[in-house]
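So the sequences go chain by chain: A and G. For reference, each letter of the first sequence is one residue, going 1 to 469 in the UniProt record's numbering. For reference, each letter of the second sequence is one residue, going 1 to 251 in the UniProt record's numbering. Contents: one structure, followed by commentary.
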Amino acid sequence: MPADAAPAPPAPAPPAPGPAAAPGRTAPVTGWGRTAPTTALLLRPRTYDEAATAVRACGARGGIARGLGRAYGDAAQNAGGTVLDMTGLDRIHAIDADGGTVLCDAGVSLHRLMEVLLPLGWFVPVTPGTRQVTVGGAVAADIHGKNHHVSGSFARHVLSLDLLTADGEIRTVVPGTPLFDATAGGMGLTGVILTATVRLLPVETSWMSVDTERARDLDDLLARLTAGDRHHRYSVAWIDLLARGASTGRAVLTRGDHAPLEALRGPLGRPLEFRTRRLPAAPAHLPDGLLGRTAVGLFNELWYRRAPRSRTGEPQRISSFFHPLDGVPHWNRIYGRSGFVQYQFVVGYGQEEALRRIVDRVSARRCASFLAVLKRFGEGDPGWLSFPMPGWTLALDIPAGLPGLGAFLDTLDEEVAGAAGRVYLAKDARLRPELLAAMYPRLPEFRALRRELDPAGVFVSDLARRLGL
Amino acid sequence: MKDAFGTPQSLLILGGTSDIALATARRLIARRTRTVWLAGRPSQDLENAAGHLRGLGAETHTISFDALDPESHEAILGKVFAEGDIDMVLLAFGVLGDQANDERDPVAAARVAQTNYTGAVSSALVCGRALQAQGHGSLVVLSSVAAERARRSNFIYGSSKAGLDTFTQGLGDALHGTGAHVMLVRPGFVRTSMTAGLPESPLATTPEAVAAAIELGLRRRSETVWVPGALRLVMAALRHVPRAVFRRLPL
Numbered sequence: 001m002p003a004d005a006a007p008a009p010p011a012p013a014p015p016a017p018g019p020a021a022a023p024g025r026t027a028p029v030t031g032w033g034r035t036a037p038t039t040a041l042l043l044r045p046r047t048y049d050e051a052a053t054a055v056r057a058c059g060a061r062g063g064i065a066r067g068l069g070r071a072y073g074d075a076a077q078n079a080g081g082t083v084l085d086m087t088g089l090d091r092i093h094a095i096d097a098d099g100g101t102v103l104c105d106a107g108v109s110l111h112r113l114m115e116v117l118l119p120l121g122w123f124v125p126v127t128p129g130t131r132q133v134t135v136g137g138a139v140a141a142d143i144h145g146k147n148h149h150v151s152g153s154f155a156r157h158v159l160s161l162d163l164l165t166a167d168g169e170i171r172t173v174v175p176g177t178p179l180f181d182a183t184a185g186g187m188g189l190t191g192v193i194l195t196a197t198v199r200l201l202p203v204e205t206s207w208m209s210v211d212t213e214r215a216r217d218l219d220d221l222l223a224r225l226t227a228g229d230r231h232h233r234y235s236v237a238w239i240d241l242l243a244r245g246a247s248t249g250r251a252v253l254t255r256g257d258h259a260p261l262e263a264l265r266g267p268l269g270r271p272l273e274f275r276t277r278r279l280p281a282a283p284a285h286l287p288d289g290l291l292g293r294t295a296v297g298l299f300n301e302l303w304y305r306r307a308p309r310s311r312t313g314e315p316q317r318i319s320s321f322f323h324p325l326d327g328v329p330h331w332n333r334i335y336g337r338s339g340f341v342q343y344q345f346v347v348g349y350g351q352e353e354a355l356r357r358i359v360d361r362v363s364a365r366r367c368a369s370f371l372a373v374l375k376r377f378g379e380g381d382p383g384w385l386s387f388p389m390p391g392w393t394l395a396l397d398i399p400a401g402l403p404g405l406g407a408f409l410d411t412l413d414e415e416v417a418g419a420a421g422r423v424y425l426a427k428d429a430r431l432r433p434e435l436l437a438a439m440y441p442r443l444p445e446f447r448a449l450r451r452e453l454d455p456a457g458v459f460v461s462d463l464a465r466r467l468g469l
Numbered sequence: 001m002k003d004a005f006g007t008p009q010s011l012l013i014l015g016g017t018s019d020i021a022l023a024t025a026r027r028l029i030a031r032r033t034r035t036v037w038l039a040g041r042p043s044q045d046l047e048n049a050a051g052h053l054r055g056l057g058a059e060t061h062t063i064s065f066d067a068l069d070p071e072s073h074e075a076i077l078g079k080v081f082a083e084g085d086i087d088m089v090l091l092a093f094g095v096l097g098d099q100a101n102d103e104r105d106p107v108a109a110a111r112v113a114q115t116n117y118t119g120a121v122s123s124a125l126v127c128g129r130a131l132q133a134q135g136h137g138s139l140v141v142l143s144s145v146a147a148e149r150a151r152r153s154n155f156i157y158g159s160s161k162a163g164l165d166t167f168t169q170g171l172g173d174a175l176h177g178t179g180a181h182v183m184l185v186r187p188g189f190v191r192t193s194m195t196a197g198l199p200e201s202p203l204a205t206t207p208e209a210v211a212a213a214i215e216l217g218l219r220r221r222s223e224t225v226w227v228p229g230a231l232r233l234v235m236a237a238l239r240h241v242p243r244a245v246f247r248r249l250p251l
């Protein structure tokens with residue numbers, strides 16, 4: 001750490017010691033949903049010192065770290081300020097192949113970790129629906145995966161992290177401390193995560209053993225999920241929200257476990273090989289409205305019919321089980337210029353009626369959601385602004401250009417807040433600020449810690465401004 | 001900040017007693033807008049408008065603003081932006097004038113031009129620069145269909161709006177890529193207090209319809225909005241009508 005933070009003398013500029021930091025550029029930034037662009041100065045630090053220098057030089061409109069830009073809303077943009085592109089800090093420092101831990105920079109993606117770790121017989125403890133998220137982003141959003149009911153969220157597997165705070169210092173933060181709990185799910189507002197040590201999951205193969213079954217309506221689905229989830233590490237249901245009447249909430253359930261070595265029969269290649277598929281990228285300029293009711297309705301019908309009534313033990317590669325959409329680069333472009341919003345909420349167990357009402361409303365409104373995913377969360381996580389809590393979580397992708405969508409989602413928010421549930425900040429782009437405190441009861445502690453740690457408000461994002469975090 | 005649908009949380013209205021601006025504010029307050037600044041010449045109407053919006057649940061402030069005093073714009077508007085981000089500026093002030101009278105009274109005619117054009121140029125530049133520094137926000141400028149082609153019956157007003165229209169297009173290009181978004185709104189005949197007593201043109205519309213079009217334009221991040229939308233086609237055709245014919249049209 002450079003110790004001399006004193007103001008420079010007004011002498012001619014001294015020769016730069018070592019290579020200068022890459023100059024930033026001012027550019028529009030959006031989240032994955034491509035709504036509400038704002039412009040910021042993008043800096044890409046390559047060293048911790050460069051990151052610290054950038055944080056100290058943020059100026060009045062502050063800064064925020066950004067990974068691979070998979071947050072759907074405005075969590076990793078900072079209008080008129082600085083955005084620190086963390087993908088330049090991408091070293092894996094140490095792998096403990098016996099104990100099953102990895103120490104890496106925050107800018108390392110889960111994809112990279114899988115590439116490196118799977119051949120060694122280890123897997124990331126939690127992965128969302130994409131591998132294209134950084135470790136720093138995974139902690140900041142405290143991401144969850146299809147194994148939340150068993151494994152909890154990502155931060156639960158973090159043993160330690162290095163955090164660059166507003167004063168330009170680097171602090172080592174360990175679980176069980178307020179700073180850790182504020183940082184896990186803290187949307188990058190406590191500081192810039194520089195490194196993390198993550199506990200890994202041992203696997204014998206890079207294959208999944210997958211069970212698939214169909215549920216004819218929502219009641220059937222909830223019953224099947226409740227009865228069967230404990231038998232599988234991973235579980236998720238895709239719902240057809242365009243189905244109405246008696247088949248409202250019909251779904252395809254997919255459950256999986258890491259396939260043990262002896263389960264592999266036949267020529268399945270090297271058992272720990274990590275293989276991914278890559279289809280052509282979506283074109284850059286697509287019109288709005290491609291994913292209208294007809295297209296999505298047709299897709300849903302086919303998807304439901306194509307799924308077997310019941311199938312067990314199907315081998316699938318890790319990439320196709322967890323991350324089918326990663327095969328299509330820039331798939332977010334298919335929503336056109338207006339982009340899309342993802343609406344993900346959770347309501348606790350016992351609030352099934354609220355869930356049912358929401359599903360009924362979405363179905364009745366014929367709101368074309370191409371991806372609608374329901375799963376059960378297990379025990380809640382310690383992060384103050386962590387999203388998961390024991391209960392049902394439903395995620396919907398909806399084109400932002402749909403008339404009246406904002407007001408419609410507001411009514412769903414009321415339902416969610418009324419059931420003591422919450423929406424996911426990493427996906428939010430539109431929540432009414434007044435509902436935030438009801439959804440996140442530990443918000444006052446989070447705000448107090450931020451005031452103390454960052455009195456000048458160095459770390460700020462559009463999300464933080466919009467919701468008053 | 002704006003939400004995913006382009007709805008602002010904070011709004012600055014230049015011309016705080018404008019019917020169209022207030023209809024827009026009401027509509028946006030029903031969605032996300034929580035802070036409204038009403039800028040205008042101090043008057044009971046301005047205070048009443050603020051009270052009304054406050055009643056709808058917005059934190060509302062009034063500030064003294066005179067379009068005819070460009071020297072003051074930087075200081076007055078600068079203070080508003082210093083209080084916090086403004087997600088949307090609605091430039092809504094303007095006077096219609098009295099064509100017949102103004103043709104005989106050049107000073108009165110010049111005042112129409114000074115208000116609608118000169119005052120808009122200085123205040124829009126101040127706001128544009130502030131939005132650029134913020135890295136986000138929309139500047140929505142109320143032009144008019146009258147800006148598209150000179151009409152015998154209102155060319156003094158029309159020419160001032162034409163100047164404003166051209167200026168706004170250029171400003172939009174200048175601010176492109178800075179995070180600030182400039183949207184030009186071209187309404188046709190709007191039934192407001194400004195047009196009370198005038199003979200109605202075809203395709204007449206209401207302040208509420210203009211407000212709805214503005215909200216839609218924000219969502220789509222449009223650069224030009226016609227109200228009603230059919231005017232875009234009508235004007236595309238009228239633009240090519242020879243003057244000798246245009247002059248005789250009952251417009």
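For each residue, glycine too, the CB sits at the ideal point set by N, CA and C. Everything numeric in this text was worked out from a predicted model, so none of it was measured.
Beta-carbon contacts of residue i that lie in its chain and below 6 Å, excluding the five residues immediately before and after
i: A/LEU355; result: VAL347 and TRP392
i: G/GLU148; result: MET235
i: A/ILE143; result: PRO128 and PHE154
i: G/ALA50; result: LEU38, THR60 and THR62
is_contact[residue i, chain A] using C-beta, thresh 7 Å
i: G/LYS2; result: yes
i: G/THR33; result: no
i: G/ALA178; result: Residue identity check: residue 178 of chain G is Thr in the sequence provided, not Ala. Answer yes: the Cβ-Cβ gap between G/THR178 and chain A drops below 7 Å somewhere.
i: G/PHE167; result: no
i: G/PHE65; result: no
i: G/GLN114; result: no
i: G/ASP5; result: One detail in the question is off: residue 5 of chain G reads as Phe in this sequence, not Asp. For G/PHE5, the answer is yes, since a Cβ of chain A falls inside 7 Å of its Cβ.
Min CB distance residue i to chain G below 7 Å
i: A/ARG430; result: yes
i: A/ASP462; result: yes
i: A/VAL341; result: yes
i: A/ARG447; result: no
i: A/ALA284; result: no
i: A/THR205; result: no
i: A/THR197; result: no
i: A/THR411; result: no
i: A/THR35; result: yes
i: A/ALA54; result: no
i: A/ALA438; result: no
i: A/ALA400; result: yes
Beta-carbon neighbours of residue i, restricted to chain B and to distances below 7 Å
i: A/ALA40; result: No chain B is part of this structure, whose protein chains are labelled A and G.
Rounded distance between the beta-carbons of residue j and residue i, thought under 8 Å
i: G/GLY188; j: G/SER201; result: 6 Å
i: A/ASP397; j: A/THR248; result: The pair is not a contact, with the Cβ atoms about 19 Å apart (cut-off 8 Å).
i: A/VAL341; j: A/GLY33; result: 6 Å
i: G/THR168; j: G/VAL126; result: Not a contact, Cβ separation roughly 14 Å.
Close beta carbons around residue i, own chain, < 8 Å, minus the five adjacent residues each side
i: A/THR39; result: THR26, ALA27, PRO28, VAL29, ALA79 and GLY80
i: A/GLU352; result: LEU222 and TRP392
i: A/GLU273; result: LEU118, PRO119 and SER206
Cut-off 7 Å between Cβ atoms - residues of its own chain near residue i, not counting five sequence neighbours on either side
i: A/GLU415; result: ALA354, ARG357 and ILE358
i: G/ALA21; result: ILE13, GLY15, LEU90 and ALA92
Residue i: CB within 6 Å of a non-hydrogen atom of the ligand NAD
i: A/GLY88; result: This structure does not include the ligand NAD; it has no bound ligands of any sort.
Please give the ranges of any beta strand (DSSP E) in the stretch 113-193 of chain G, keeping only runs that are unbroken, at least 3 residues long and fully inside the region.
Listed in chain order, they are 138-142 and 181-187.
Taking contact to mean 3 or more Cβ pairs, one atom from each stretch, closer than 8 Å, check whether the stretch 407-416 of chain A and the stretch 380-389 of chain A are in contact.
The stretch 407-416 of chain A is not in contact with the stretch 380-389 of chain A.
Counting Cβ pairs, one atom from each stretch, are 3 or more of them under 8 Å apart for the stretch 374-388 of chain A and the stretch 160-170 of chain A?
No, the stretch 374-388 of chain A does not touch the stretch 160-170 of chain A.
Jot down the residue ranges of each uninterrupted beta strand (DSSP E) in the stretch 18-98 of chain G, minimum 3 residues, whole runs only, in chain order.
Listed in chain order, they are 35-40, 59-64 and 88-91.
Check whether the stretch 87-97 of chain A touches the stretch 220-230 of chain A, counting contact only when three or more Cβ pairs, one atom from each stretch, lie closer than 8 Å.
With the cut-off at 8 Å, the stretch 87-97 of chain A and the stretch 220-230 of chain A do not touch.
Every unbroken alpha helix (DSSP H) within the stretch 387-430 of chain A, with a cutoff of 4 residues, ordered by chain
You should have 405-418.
Determine, using beta-carbon pairs with one atom in the stretch 450-464 of chain A and one in the stretch 50-67 of chain A, whether at least three such pairs fall under 8 Å.
Pairwise C-beta distances place the stretch 450-464 of chain A in contact with the stretch 50-67 of chain A, as three or more of them are shorter than 8 Å.
Whether or not the stretch 170-182 of chain G and the stretch 111-131 of chain G are in contact is what I'm after, with contact meaning three or more pairs of Cβ atoms, one per stretch, closer than 8 Å; do they touch?
Counting Cβ pairs under 8 Å, three or more are found: they touch.
Evaluate contact between the stretch 3-17 of chain G and the stretch 442-455 of chain A, counting only Cβ atoms and requiring at least three cross-stretch pairs below 8 Å.
Between the stretch 3-17 of chain G and the stretch 442-455 of chain A there are fewer than three inter-stretch CB-CB distances shorter than 8 Å, so the stretches are not counted as touching.
Answer yes if the stretch 99-117 of chain G comes into contact with the stretch 34-50 of chain G, meaning at least three C-beta pairs across the two stretches below 8 Å, and no otherwise.
Verdict: no, contact absent.
Only counting runs of 3 or more residues, tell me where the beta strand (DSSP E) segments fall wholly within the stretch 110-167 of chain A, in order along the chain.
The DSSP assignment places 158-164 as complete runs of the beta strand (DSSP E) inside the stretch 110-167 of chain A, in order along the chain (cut-off: 3 residues).
Contact between the stretch 190-205 of chain G and the stretch 227-243 of chain G: three or more CB pairs below 8 Å?
With a cut-off of 8 Å, the stretch 227-243 of chain G and the stretch 190-205 of chain G count as touching, because enough Cβ pairs lie within range.
Please confirm if the stretch 198-206 of chain A is in contact with the stretch 288-307 of chain A, defined as three or more CB-CB distances below 8 Å between the two stretches.
As far as the Cβ criterion goes, the stretch 198-206 of chain A does not touch the stretch 288-307 of chain A, which means the pair count is below three.
Contact the stretch 231-247 of chain A vs the stretch 255-265 of chain A: 3+ CB pairs below 8 Å:
Touching, yes, given that three or more Cβ pairs across the two stretches are closer than 8 Å.
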